[in-house]
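A.B. asks:
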Amino acid sequence: MGAEANTDKPHSHHAIPKDIPEDKGLKNEAAPGIPYFTPLQDPPAGTALGMTDGSSKIPKLFTPLKLRGMEMQNRIALSPLCQYSAEDGHQTAWHLTHLGGIIQRGPGLTIVEATAVQANGRITPEDSGLWKDSQKEPLRKIVEFAHSQGQKIGIQLGHAGRKASTVAPWLSKGDIAGKELNGWPDNVHAPSAIAFNDNHCQPKEMTLDDIEKLKSDFKDSIKRAVDVGFDTIEIHNAHGYLLHSFLSPASNHRTDKYGGSFENRTRLTLELVDLARATIPKDMPLLLRISATDWLEEAGINGWTLEETVKLSEILAEKGVDLLDVSSGGLHEKQHIHGGPGYQEPFAKAVKDKVGDKMFVGTVGSITNGKQANGYLEDDNLDVAFVGRMFQKNPGLVWAFADDLGVEGRWANQIRWGFGGRGKKAEVTKKNQFANEAAFTMHKQE
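For the sequence shown, my numbering begins at 2 and goes up steadily by one.
1. Whether or not the stretch 114–129 and the stretch 160–178 are in contact is what I'm after, with contact meaning three or more pairs of Cβ atoms, one per stretch, closer than 8 Å; do they touch?
2. What does a CB cutoff of less than 6 Å around residue 52 pick up in its chain, not counting 5 residues either side in sequence?
3. Between the C-alpha atoms of residue 449 and residue 258, what's the straight-line distance to the nearest angstrom?
4. Please classify residue 331: does DSSP put it in a helix, a strand, or coil?
5. Could you give the uninterrupted runs of the alpha helix (DSSP H) lying entirely in the stretch 96–154, keeping only those of 4 residues or more?
6. Which class does residue 35 belong to by DSSP, given the choice of helix, strand or coil?
7. Starting from residue 217 and walking both ways along the alpha helix (DSSP H), at which residues does that stretch end?
8. Does residue 76 come out as helix, strand or coil in the three-state DSSP assignment?
9. Does the beta-carbon of residue 47 have 16 or more other beta-carbons within 10 angstroms, so that it is buried, or is it exposed?
10. Alpha carbon to alpha carbon, how far is residue 210 from residue 217?
11. Taking only three categories from DSSP, how would you classify residue 163?
12. Can you say whether residue 163 is buried or exposed, counting buried as having 16 or more other CB atoms within 10 angstroms of its CB?
13. With C-beta atoms as the reference, is residue 193 less than 8 Å away from residue 254?
14. What would DSSP say about residue 395, mapped onto helix, strand or coil?
15. Quick one: what does DSSP say residue 22 is sitting in, helix, strand or coil?
16. Residue 84 by DSSP, collapsed to three states: which one?
17. To the nearest angstrom, how far is it from the Cα of residue 184 to the Cα of residue 169?
18. For residue 318, which residues from the same chain have a beta carbon less than 6 Å from its beta carbon, with the 5 sequence-adjacent residues on both sides left out?
19. Do you know offhand how far residue 232's Cα is from residue 79's?
20. In whole angstroms, what separates the C-alpha of residue 30 from that of residue 105?
21. Report yes if the C-beta distance between residue 90 and residue 130 is below 8 Å; otherwise report no.
22. Reducing DSSP to helix, strand and coil, say where residue 326 ends up.
23. Relative to the C-alpha of residue 267, which residue among 419, 205, 238, 405 is closest?
24. In this structure, does DSSP put residue 274 in helix, strand or coil?
25. In the DSSP output, which residue or residues are listed as bridge partners for residue 235?
26. Would you call the CB atoms of residue 158 and residue 236 closer than 8 Å?
27. Could you give the distance in angstroms between the alpha-carbon of residue 309 and the alpha-carbon of residue 351?
28. Would you report the Cα separation of residue 403 and residue 371, rounded to the nearest angstrom?
29. Am I right that residue 270 and residue 244 are in contact with their C-beta atoms under 8 Å? What's the rounded C-beta distance?
30. Quick one: measure Cβ to Cβ for residue 65 and residue 72, integer angstroms, because I've assumed they're closer than 8 Å.
31. Does residue 421 come out as helix, strand or coil in the three-state DSSP assignment?
32. Can you tell me which of the three DSSP states residue 245 falls into?
33. Taking residue 385 as the reference, give the member of 45, 27, 37, 63 with the closest Cα.
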């Protein structure tokens, strides 16, 4: 009976009889829902497992953060970094490899570079775009890879405004990209017909119809981003680009409902926040990057101020912005930035002191080590540290920050084993091998 029930035909996978259970602990599990094989990362890279000194308190930088339905395993976020490497707005293999190497090393959130909602909203002809459906597919591959690693990914959507149609920054500091360079110097839009400087295009003042078209195109881009599978969306309201230039009286001289008073200058921003919140799923967090100040006080120019940022932040919190990403500057060539390590952090603190628990607040700018980043979160009650250029230099920055703080972290399987050694099941594996061989021999003898 036993000989009939148990043939000597081995299992097709491990060459053991079918009724001998496999050691599931030795299976290289695949990430679920991915059309190609890549090992499951559970928990995802960047997760704190403990402290190297045995203490129990994990630094805030490496504690989880939940924004609506999205949970970050740590509070380090990759800032959007323009690569000036897209083709007609379509991202390429450069973007996948640039972001992929960072994603697989564990930031709590990765944000894809500033992506234009209109073709004339690119900074350069080689900027990323999401103004047409064909641009979704390369982004989908990046999102799919991020999710295969158990990581969270968002995209920053915006419009360059009067800083559009320039050449890549390594070629020149703001020179115009003419038509011979695939630019659109005669189709640059701004709240008012005021050029950024003599090296930039002369913009056209947007009509009310132009503004309505912008809102419509913004909504369509948001829908595409949701369809691609992004976990969150960030509205780009900073660095002198279109939405920021509506906020600032230095660049907005309009006399209609979009200019003049604080309420009018912030109108477009708030309309887009309402539009985004109504378009994205309820459990998807909404982020907004803002320039907290134009840095124009010393130039004697009336610009956007920290006080106005704090005032606006309360309204943004009420309207459903989940995290404010606080940067600064970029609007005017006469800005006087007081740089240095974490030079923008006091702006984020001022916002956080006002909004409290009503909205998460992140800081960005010249953050270079883990102790510095963690200090901003623990000492000033901030929620996220956004880091940009340092990730360009070191894709493994999360691991470096963990080392700075004495955090024992989880890293991608393919990377960590080379530093921590092979799996620790060797003896168990050997015992299983002997047991399986003995069982197989018994089955053959029956």
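The C-beta atom is built at its ideal place from N, Cα and C for all residues, glycine as well.
Predicted model, so just to flag it, every value in this text is computed and none were measured.
C.D. replies: According to the structure data:
1. yes
2. 407
3. Outside the shown range of the chain, which is 2 to 447, sits residue 449, and nothing can be said about it.
4. coil
5. Runs found: 137–149.
6. coil
7. 209–229
8. coil
9. buried
10. 11 Å
11. helix
12. buried
13. yes
14. When DSSP states are grouped into helix, strand and coil, residue 395 belongs to the coil group.
15. Any reading at residue 22 needs caution, since the residue's pLDDT is 41, under 50, leaving its predicted position unreliable; the model's value is listed next. In this structure, residue 22 counts as coil in the three-state DSSP scheme.
16. coil
17. When the Cα atoms are used, residue 184 and residue 169 turn out to be separated by approximately 11 Å.
18. 356, 359, 360
19. 14 Å
20. Looking at the backbone, the Cα of residue 30 and that of residue 105 are separated by about 17 Å.
21. yes
22. strand
23. Nearest option by C-alpha distance: 238.
24. helix
25. 157, 288
26. yes
27. 11 Å
28. 7 Å
29. At roughly 6 Å, the Cβ-Cβ gap stays under 8 Å, so residue 270 and residue 244 are in contact.
30. Yes, they are in contact, since the Cβ atoms of residue 65 and residue 72 sit about 6 Å apart, within 8 Å.
31. Helix.
32. helix
33. 63
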